[in-house]
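S.K.: Residue numbers (the numbering used here), protein chains in the order written: chain A, 1 to 335; chain B, 336 to 649; chain C, 650 to 928.
Don't be surprised by glycine CBs; every beta carbon is placed ideally from N, CA and C.
Mind looking over this structure? Questions follow.
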Amino acid sequence: MIIRKERVNDFLNGLRAGYRLYAPVQTQAGPVFAPVNGATGWSWPAGNTLKSAKEVFLPQTETLFTYRTSLDGVQVEEARVEGRVVLLGVRPCDARSLTMLDKVFAGEGVRDPYYTARRENTVVLGLACNEPCGTCFCTSLGGSPFGTAGCDLLWVDLGDRYLVRVLTDRGKALVEGRPEFAPAGDADLAAARELEEGALGRMGTVPVQGVKEKLDRLFADPLWDRVYEKCLGCGTCTYLCPTCHCFDLTDEVIDGLGVRLRTWDACMYPLFTLHASGHNPRPTQKERFRQRIMHKFKYFVDNFRETACVGCGRCIRYCPVNIDIRAVLAEISAG
Amino acid sequence: MGTTEKIREIAAGLLRDGKVDVVIGYGPGTLPLRSTPLFARTVEEAERLIWDATCGNNLAVYLPGRKDRVGIVVKGCDSRAVVQLIHENQIAREQVFVIGVPCAGIIDRRQVEAAVEREIRAAREEGAELVVEGDGWSRRFNREEVLYGACRTCRHNNPVLYDALAGEPLPPRDGGPTLVEIWEKKPAGERRDFILSEMARCIRCYACRNACPMCYCTECFVDSSTPRWLGRATDAGENLFFQIGRVLHLAGRCVACGACSRACPMDIKLGLLLGKMNKDVLELFGHEAGLNPEEPPALNAFRPDDPETFLLGK
Amino acid sequence: MKNPYLPLPMRIEKITVETEDRSLRTFSLSFLNRADAEAFGFVPGQFAEVHVFGQGEAPFGIASSPLVRDRVEFTVNRIPGGVVTTALHNAREGDIVGLRGPLGNGYPVQEFEGKDVVIIGGGFAFTTLRSLTWYILANRERFGKLTVLYGAREPGLLLYKDELAAWQKRDDLELILTVDRGREGWQGKVGVVPAILKEAAPSAANAYAVVCGPPIMIRFTLPVLQELGFPPERVIMSLEMRMKCGLGMCGRCNIGHKYVCKDGPVFTLAELSELPAEY
């Protein structure tokens, strides 16, 4: 289908009756996903958002339940995830990361009710990347700047109009019968194809072939001594990463009300694995750095036959000491 | 001989003669306007060391607790961190060979990125100019105008401590009013709103803390569980408490290198908070951290005539 | 969907000080809701998150017998700086706490059936072994010879002293107690667990060994088991890791591609040898 750019506002205003809208909102540091009212106050991001779309499904700080205790017992009130959401302008790498988070939080076995509810309530409106960034490497990891995994709709910017690919029933329900849309013609499809080929042609490649098999035997390799050394041990890479999902659970008491909080946490921090006894299974930054790489490129593959990295490039862009995961992968490949 | 060649020569000599085990300097980054810390352990590795206006990291962050003998490339601000760390017994003077670099200022890449509004694919310095290029475009900047604000008014651009100097000392800058001087004149309400809006962005990744050479506590107060000083929730209040705690803990110890601001992925203006604190410490106690190895940090020393203007009733 | 983060409300019915140094206490919890009690079933070796409201949760191996349906017991070591263990040690009988569980896999008791079982415990790690011992005793005819070797630094530091005394009198298990330092009146062995195990030399033929104890004990016990002929597939161990969610999501207890909370805490020595030694 096709929607002309001047009709997008009407479409979004029409959605507001049934959905809350989230879109990339510019901040001093870069765009992040935030609630918006219709088409104003935000813009389709050039490049990618600073923080990934994961925070819409796994917020950095979230109340799981509240409670009040008494002599007789405890009254627990579960936090409810309510309302349908349309998430606008998600790049294909971020959309694809959701399919990986699904395996952890909404897969076989026990499911996380908060994440699962948000996933079920949210329509993901993807935005194809006509101009991938220099730090993008999604195609090396099975993704694509025009990839559809995790999207309910994929929008392709054709200049004065968007080509809209309908990918799921949930996506279909959003646009079906809406007057803003018209059927796509051959010219539209050809224009999108040309943009896709252009985007693919701009993608850098990273040697990830065989990385998993290398990592199967590199746990004790001296290469970790080299690659971790400049790591400061902050959580920037993990917090901005669309697939990193480690979290902490803590209690807060506010005016007698107990609050069970979930907050992001990261394997880069020493406290993450520190036992109360003082023993730490990953005592130095070397083990912690290795854990991050191993988890993405080996352990997750062992468990789900998929690499837990979508090649969005955020960790490369924002690492304060310019640790470049592409270089680390190249070193592993050569190892 | 350029600064890069001079650094390489000094580093190679130190490694060849076995005077140090490692030289920590800068290597080429993988992105435009970026360099990356480089740990050179051989003469060959020393050949990859560089110096340019992207060498922003304060490498003194790698010093606390080291057991080996280390050569380290420092700018003026970084050298103050080395002095302060020696003073605080985090590294022994005889363990460190300080390779000082007179610094003409570091390029604020975010400022450049914001100015071009497009993705930068390459960048280079040409004399006093910075040339940035993208797909089918290029743009020239007067390098001086795209330096970090703190660099433009830097009063310590030459290393205060060095064993070898890679370059000729630069004249001190007279850059006019600092960002702090401008900022602290704003109305209190405006400053409060600004601080809260900055803090609301914080994601508590602790890049600021971990990039700071003076933040070497084995257990940071934010990580303490008994007692737990602050909660794990990421909101403006908790975040502000974290930053206030950090700023106060750095009183008389912050060397104003700006590593925290540069490390912050959320571009929070931490330098303003720390700069204000540094200015207060200077005005109250006449002390600046890391300038004089003989002088104890302001808050480690008591003088009967110390001003007590912060006490009620004074 | 059942919310796996919500705690079951429990009352602390009884607190027993286990050791002379008072650092170990057993908390006997009862269910506030009858339906919870009826739904709660577990395998020895499983654990649960105990929630001290306002302080947080910590994981503890379930120390009671699965056949006791109305109570769940945990023996808790007070760790200096441990928020939840300290809070529990400060708790009083009648206090309300939360419980999430059972979590984890538990001991492979079905595989033990028809086999001899050698239970080897040291110090305060005897908790889930007590649960396992009671389970086997309650289903005695399904198992072969049962040997329990339990050691502590000194007699006063042994857990469950009354039960140990009762077990001593039974003829359907061999209980060997040992301490590093004896004292007057001590009737058991004196010596470290690996040495006593070597001396007792239980048959490895058609047998499983279950080992829980401090790292130093484990390190010296494993070679003895190997000497005795226990294959790594029949040496069962239980790991301790820092945990939060207990559901294999929060990432904290990840070792290699396993999550101790979900895939463990019980592993065979053979399984552990396939994992990185990050525990």
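In terms of alpha-carbon separation, which member of C:PRO851, C:LEU781, C:LYS651 and C:THR777 lies closest to PHE879 of chain C?
M.R.: The residue you call residue 879 of chain C lines up with position 230 of the third sequence. Of the listed residues, the one whose Cα sits closest to PHE879 of chain C is C:PRO851.
S.K.: In terms of residues, what are the limits of the beta strand (DSSP E) holding CYS861 of chain C?
M.R.: Locating residue 861 of chain C in the third sequence gives position 212, where the first residue counts as 1. Per DSSP, CYS861 of chain C belongs to the beta strand (DSSP E) from 856-861.
S.K.: Span of the alpha helix (DSSP H) holding TYR67 of chain A?
M.R.: What you label residue 67 of chain A is simply residue 67 of the first sequence in a count that begins at 1. No alpha helix (DSSP H) contains TYR67 of chain A, which is instead part of the beta strand (DSSP E) from 61-69.
S.K.: With respect to the beta strand (DSSP E) encompassing SER677 of chain C, which residues constitute its N-terminal and C-terminal limits?
M.R.: Counting from 1 along the third sequence, the entry for residue 677 of chain C is found at position 28. From DSSP, the beta strand (DSSP E) with SER677 of chain C extends over 673-680.
S.K.: According to DSSP, which residues form a beta bridge with ASN477 of chain B?
M.R.: As a first step, residue 477 of chain B must be located in the second sequence, where it is residue number 142. According to DSSP, ASN477 of chain B bridges with B:GLU464.
S.K.: Would you mind working out which of B:PRO399, B:ASP403 and B:ASN545 sits nearest ARG597 of chain B, comparing C-alpha positions?
M.R.: Against the second sequence, residue 597 of chain B aligns to sequence position 262. When each option's Cα is compared against that of ARG597 of chain B, the closest is B:ASN545.
S.K.: Across which residues does DSSP place LYS838 of chain C in a beta bridge pair?
M.R.: Position 189 of the third sequence, counted from the start, is the residue given in the question as residue 838 of chain C. LYS838 of chain C is bridged to C:THR827.
S.K.: So that I know if they touch, is there some Cβ in chain B lying closer than 9 angstroms to that of TYR162 of chain A?
M.R.: For the purposes of this step, residue 162 of chain A is identified with residue 162 of the first sequence, where counting begins at 1. No - not a single Cβ of chain B is within 9 angstroms of the one on TYR162 of chain A.
S.K.: Which residues of chain B have a Cβ atom closer than 9 angstroms to the Cβ of CYS138 of chain A, listed in chain order?
M.R.: The sequence position of residue 138 of chain A within the first sequence is 138, counting from 1. Chain B residues near CYS138 of chain A: none, gap ~16 angstroms exceeds 9 angstroms.
S.K.: So VAL408 of chain B and GLY337 of chain B are in contact, right, with Cβ under 8 angstroms, and what is the actual spacing, rounded?
M.R.: As a position in the second sequence, residue 408 of chain B is number 73, starting the count at 1. As a position in the second sequence, residue 337 of chain B is number 2, starting the count at 1. Incorrect: roughly 14 angstroms between the Cβ atoms, too far for contact.
S.K.: So what does DSSP say about VAL8 of chain A, is it helix, strand or coil?
M.R.: Your numbering for residue 8 of chain A matches position 8 in the first sequence. Note: VAL8 of chain A maps to helix in three-state DSSP.
S.K.: Mind listing the chain C neighbours of THR561 of chain B? Cutoff is C-beta to C-beta under 7 angstroms, in chain order.
M.R.: To locate residue 561 of chain B, count along the second sequence from 1; it is residue 226. What THR561 of chain B touches in chain C: GLY730 and VAL732.
S.K.: Just the chain A side, please: which residues come within less than 8 angstroms of ILE442 of chain B by C-beta, in chain order?
M.R.: In the second sequence, residue 442 of chain B corresponds to position 107, counting from 1. Residues of chain A passing the Cβ test: none, with the nearest at roughly 14 angstroms.
S.K.: Ignore the nearest five residues each way along the sequence and tell me which others in TRP564 of chain B's own chain have a CB closer than 6 angstroms to its CB.
M.R.: Along the second sequence, read from residue 1 onward, the residue named residue 564 of chain B stands at position 229. Cβ within range, chain order: PHE556.
S.K.: Identify whether ASN493 of chain B lies in helix, strand or coil by the three-state DSSP scheme.
M.R.: Numbered from its first residue, the second sequence carries residue 493 of chain B at position 158. Here ASN493 of chain B sits in coil by DSSP.
S.K.: Exposed or buried, which one is LYS649 of chain B when buried takes at least 16 other CB atoms within 10 Å?
M.R.: Start at 1 with the first residue of the second sequence, and residue 649 of chain B comes out as number 314. Caution is warranted here: a pLDDT of 49 is assigned to LYS649 of chain B, below 50, making its placement in the model unreliable, and the coordinate value is therefore given only provisionally. It counts as exposed.
S.K.: Taking 8 angstroms as the limit between beta carbons, can you name the residues of its chain near PRO35 of chain A, skipping five residues before and five after?
M.R.: In the first sequence, residue 35 of chain A corresponds to position 35, counting from 1. These residues qualify, in order along the chain: ARG20, LEU21 and TYR22.
S.K.: Assuming SER679 of chain C and ASP719 of chain C are in contact, meaning their beta carbons sit under 8 angstroms apart, how far apart are those beta carbons, in whole angstroms?
M.R.: Position 30 of the third sequence holds residue 679 of chain C. Position 70 of the third sequence holds residue 719 of chain C. About 6 angstroms separates the two Cβ atoms, so the contact holds.
S.K.: Is it right to say THR776 of chain C is buried, meaning 16 or more other beta carbons lie within 10 angstroms of its own, or is it exposed?
M.R.: Counting from one through the third sequence, the residue named residue 776 of chain C turns up at place 127. Burial call: buried.
S.K.: DSSP puts SER852 of chain C in a beta bridge; with which residues?
M.R.: Taking the third sequence and counting its residues from 1, the one referred to as residue 852 of chain C is at position 203. DSSP output for SER852 of chain C lists no bridge partner at all.
S.K.: Could you tell me which chain A residues have their CB closer than 9 angstroms to the CB of LEU366 of chain B, listed as they occur along the chain?
M.R.: For the purposes of this step, residue 366 of chain B is taken as the residue at position 31 of the second sequence. GLY134, THR135, ILE316, ARG317, ASN322 and ASP324, listed in chain order.
S.K.: Do ASN682 of chain C and the ligand SAM come close, with the Cβ less than 8 angstroms from some heavy atom?
M.R.: The ligand SAM is absent from the structure shown, which contains no ligand whatsoever.
S.K.: What number of angstroms, rounded off, separates the C-alpha of LYS296 of chain A from the C-alpha of LYS611 of chain B?
M.R.: Translated into positions along the first sequence, residue 296 of chain A becomes position 296. Translated into positions along the second sequence, residue 611 of chain B becomes position 276. Their backbone Cα atoms lie some 42 angstroms apart in a straight line.
S.K.: Taking only three categories from DSSP, how would you classify TRP472 of chain B?
M.R.: Here residue 472 of chain B corresponds to residue number 137 of the second sequence, with the count starting at 1. Here TRP472 of chain B sits in strand by DSSP.
S.K.: Quick one: list the residues of chain B neighbouring ALA29 of chain A, beta-carbon separation under 9 angstroms, in chain order.
M.R.: On the first sequence, position 29 is the one that residue 29 of chain A refers to. Here the neighbours are ARG445, ARG536, CYS599, PRO600, MET601, ASP602 and ILE603.
S.K.: What first and last residue would you give for the beta strand (DSSP E) that runs through ASP251 of chain A?
M.R.: The residue you call residue 251 of chain A lines up with position 251 of the first sequence. 247-254 is the extent of the beta strand (DSSP E) around ASP251 of chain A.
S.K.: So what's ARG260 of chain A in DSSP terms, helix, strand or just coil?
M.R.: On the first sequence, residue 260 of chain A is found 260 positions in, with the first residue counted as 1. Note: ARG260 of chain A maps to strand in three-state DSSP.
S.K.: Using 8 angstroms as the cut-off, can you tell me whether the segment 760-780 of chain C makes contact with the segment 727-734 of chain C, which would need three or more C-beta pairs spanning the two stretches below that distance?
M.R.: The segment 760-780 of chain C is not in contact with the segment 727-734 of chain C.
S.K.: Consult DSSP for LYS649 of chain B and reduce its assignment to one of helix, strand or coil.
M.R.: Counting from 1 along the second sequence, the entry for residue 649 of chain B is found at position 314. Confidence is the limiting factor: at LYS649 of chain B the pLDDT is only 49, short of 50, which leaves the residue's position unreliable, though a coordinate-based value still follows. DSSP places LYS649 of chain B in coil when its eight states are reduced to three.
S.K.: Compare the Cα-Cα distances from TRP835 of chain C to each of C:ALA844, C:LEU846, C:PRO863 and C:ALA801 and report the closest residue.
M.R.: For the purposes of this step, residue 835 of chain C is taken as residue 186 along the third sequence, with counting starting at 1. The option with the nearest alpha carbon to TRP835 of chain C is C:ALA801.
S.K.: Taking only runs of the alpha helix (DSSP H) that begin and end inside the segment 859-924 of chain C, which ones reach a length of at least 4 residues, in chain order?
M.R.: Runs of the alpha helix (DSSP H) inside the segment 859-924 of chain C: 864-877, 909-912 and 918-921.
S.K.: Can ALA416 of chain B and VAL616 of chain B be called in contact, C-beta distance under 9 angstroms?
M.R.: Counted from its first residue, the second sequence places residue 416 of chain B at position 81. Counted from its first residue, the second sequence places residue 616 of chain B at position 281. Not closer than 9 angstroms, so no.
S.K.: Is there a Cβ from chain A that is less than 9 angstroms from the Cβ of LEU748 of chain C?
M.R.: Mapped onto the third sequence, residue 748 of chain C falls at position 99. So no, LEU748 of chain C is outside the interface.
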